[in-house]
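Scroll down for the structure; my scribbles are underneath it.
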């Protein structure tokens, strides 16, 4: 039987705006990049490609954080994900 409502995962705002990563510390950002664990201790879905970044050096992770901080801030409140079986 085909599931007509498989759920929806919305991508995060990873710009340095208050609706994005502005409140995150550099360490928290490096942690989620390398381990997939957010600043609240929650594991992220594999659509966040953290398994491919697990062996990234701390220096490389911090370079990626610096890049994210250099992006233009975008005011965009991301909706909550929709769990399977529910309507968006």
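In the numbering used here, the protein residues as written are 25 to 112.
Backbone N, C-alpha and C fix where the C-beta goes; we use that ideal spot for every residue, glycine too.
All figures in this text were calculated on a predicted structure; none of them were measured in a lab.
Going by DSSP, residue 83 is part of the alpha helix (DSSP H) stretching over 82-94. Excluding five sequence positions before and after residue 77, the CB atoms of its chain that fall closer than 6 Å to its own CB belong to 57, 58, given in chain order. Distance check between residue 65 and each of 71, 72, 55, 104 places 55 closest, using alpha-carbon atoms only. Residue 60 sits away from residue 107, with the two beta carbons spaced by 7 Å or more. The alpha carbon of residue 99 has as its nearest neighbour, out of 40, 33, 111, 34, the alpha carbon of 40.
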